[in-house]
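Visitor: Sharing a structure below in structure tokens format, with a few things to ask.
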Amino acid sequence: MIEGTDYRLTPLLSEDEIQEKIKKIGRNLSDRFKNEVPIFIGVLNGSFIFMADLLRTMTINCEMDFIKLNSYAGDKSSGTIRLLKDISADITGRHVVVVEDIVDSGLTLRFLKERLAGAMPRSIIFVSLLFKPDIAKLDFPIDIVGFEIPPDFVVGYGLDYDQKFRHLPAIYRFEGL
Ligand code: 5GP
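Numbering (our numbering), first residue to last: 759 to 935.
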């Protein structure tokens with residue numbers, strides 16, 4: 759029950775399920791980049807909580823930065839990606855880990871891949887907590903996916919509906935009013 763809202767939210771992924779999965783992803787990344795210092799790039803706003811939790815599971819040295827993109831208004835994708843804030847770090851020659859909250863159409867990821875590849879990183883991998891396989895049109899794989907989910911609109915754990923519900927520790931299917 760979320761106080762102060764009339765919207766219907768149906769539980770999809772619990773806080774425990776999410777945290778367990780993140781520990782697994784953190785172990786995978788710590789093994790993969792042993793003896794390296796990767797730079798994590800979080801995609802704002804949605805990935806800020808995932809990024810914070812994921813970094814705290816890392817057992818190797820790592821750095822971080824954020825990029826801010828926009829393609830959604832309300833619960834609909836506009837189909838056009840706008841760059842609202844670029845990264846500040848120099849990623850040339852670095853191992854880059856892009857951290858996304860959710861991959862829906864895949865447009866954002868494709869935009870990021872092209873843009874970041876232009877800076878000539880040593881390697882680049884993509885991590886997304888959520889993935890909607892029925893919708894995404896990608897011509898390259900997402901290296902690490904937390905959960906595959908149905909093609910519904912979801913909120914919580916960083917994901918919003920009109921900037922609300924980001925603070926919820928679990929993930930819900932957003933059912934409208
Ligand atoms: P894509 O470019 O893959 O279509 O969409 C990526 C962005 O759209 C995500 O980073 C996220 O901001 C937003 N998005 C896509 N699906 C959902 C969803 O189910 N819920 C919320 N809150 N945002 C979504």
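Note that the Cβ used here is the ideal one computed from N, Cα and C, for glycine as well.
None of the values given here were measured: they were computed from a predicted structure.
1) With three or more C-beta pairs closer than 8 Å as the rule, is the region 846-861 touching the region 792-802?
2) Would Phe911 pass as a contact of Tyr765 if the rule is Cβ separation under 8 Å?
3) Three-state secondary structure (DSSP) at Arg766?
4) Whether or not the region 836-854 and the region 865-884 are in contact is what I'm after, with contact meaning three or more pairs of Cβ atoms, one per stretch, closer than 8 Å; do they touch?
5) Among Ile883, His925 and Ala928, which one has its Cα closest to the Cα of Asn783?
6) If you count every other CB in all the chains shown that lies within 10 Å of the CB of Thr1013, and 16 or more means buried, which is it?
7) Got a sec? Which residues, its chain only, sit under 7 Å from Leu771 by beta carbon, not counting five neighbours each side?
8) My output table needs one value for Ile860: the three-state DSSP class, helix, strand or coil.
9) Please report the distance separating the alpha-carbon of His853 from that of Lys792.
10) Would you check if the distance between the CB atom of Ile839 and the CB atom of Thr866 is smaller than 8 Å?
11) What number of angstroms, rounded off, separates the C-alpha of Val903 from the C-alpha of Asp918?
Guide: Put simply:
1) yes
2) no
3) coil
4) yes
5) In the sequence under discussion, the amino acid at residue 783 is Ile, which differs from the Asn named in the question. Among Ile883, His925 and Ala928, the Cα nearest to that of Ile783 belongs to Ile883.
6) Past the boundaries of the shown model lies residue 1013; the chain is included only from 759 to 935, so the question cannot be answered.
7) Phe905, Ala928 and Ile929
8) strand
9) 12 Å
10) yes
11) 20 Å
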